[in-house]
Amino acid sequence: MFILILLIFGMHCDPRSSQSTSQLLDQSHQLDEARSEPETSSCNFSAYKAVSLGFSTTGYATSLPKPIYPPEAKKQKVEGQVTMKLLISVRSGIVEQACIVKGDRVFERVSSEAALRSKFSFSRTKALPKRFSYAEGVLIYNFVSQ
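FYI, the numbering for the sequence shown is -12 to 133, going by the numbering used here.
Written out as structure tokens, the structure reads:
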């Protein structure tokens, strides 16, 4: 942010600059939005008619691998919470799709990879109605600067 302010100030003071301060601020704002606002259209699992597990997803988990802290986030000292939406096969317990619905995009790849490696079990003790082939769940990952 500090560098951006210096660049804006320098360009604003330079009469040869072809971009206005407002254009630079708009570009900066667009970059921030692209980085931190995930697109949720790919998270629409309604066609699967999945049963919603909500935040009780971890109660069905048999394996929940932790995502690694990405090197690019480490450099920027970025931390935060990521919410992942999952589409889980009830029969196999395998996560078939995972997408970020909230959180910083710098964590998207590693969160998605960890979520796709997760395993679930829908045994008789935690049985779901047989008419469901898919379950929709949520996992939350917390990233702390290292």
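Positions of the beta carbon are idealized from the N, C-alpha and C atoms, including for glycine.
* Would you kindly report the start and end of the unbroken beta strand (DSSP E) that includes Val38? => Val38 to Gly41
* Assuming Tyr121 and Val77 form a contact by the criterion Cβ under 8 Å, report the distance between their Cβ atoms to the nearest whole angstrom. => 6 Å
* To do: Could you check the C-alpha separation between Ser132 and Lys64 for me, to the nearest Å?
  => 5 Å
* Is the CB of Lys36 under 8 Å away from at least one CB in chain B? -> Absence of chain B from the displayed structure is noted, only one protein chain being present.
* In whole angstroms, what is the alpha-carbon distance linking Glu123 and Glu66? -> 26 Å
* Note down the Cα distance separating Lys61 from Lys117, rounded to an integer number of angstroms. => 44 Å
* **Same chain, Cβ closer than 6 Å to Cys86, neighbours up to 5 away in sequence not counted** => Ser29, Cys30 and Lys72
* Close Cβ partners of Gly41 (< 8 Å) along its chain, the five nearest in sequence each way excluded -> Gly124 and Val125
* Whole angstroms is fine: what's the gap from Gln115's alpha carbon to Ser99's? => A quick correction: the sequence has Leu, not Gln, at residue 115. So the two alpha carbons sit approximately 25 Å from each other.
* Where does Lys106 fall in DSSP's three states? -> strand
* Mind reading off the beta-carbon distance from Gly90 to Val69? Whole number of angstroms is fine, and I expect it under 8 Å. => 3 Å
* From Phe119, Phe109 and Gly80, pick the residue whose C-alpha is nearest to that of Leu103; which is it? -> Gly80
* Asked: Looking at the structure shown, is Ser79 part of a helix, part of a strand, or coil, going by DSSP?
  -> coil
* Supposed close pair Phe109, Ala37 - CB separation, criterion 8 Å -> So it is not a contact: roughly 12 Å between Cβ atoms.
* Leaving out five residues before and five after His16 in sequence, what residues of the same chain have Cβ atoms less than 7 Å from its Cβ? -> In this predicted model, His16 has a pLDDT of only 41, less than 50, meaning its place in the structure is not dependable enough to derive any value.
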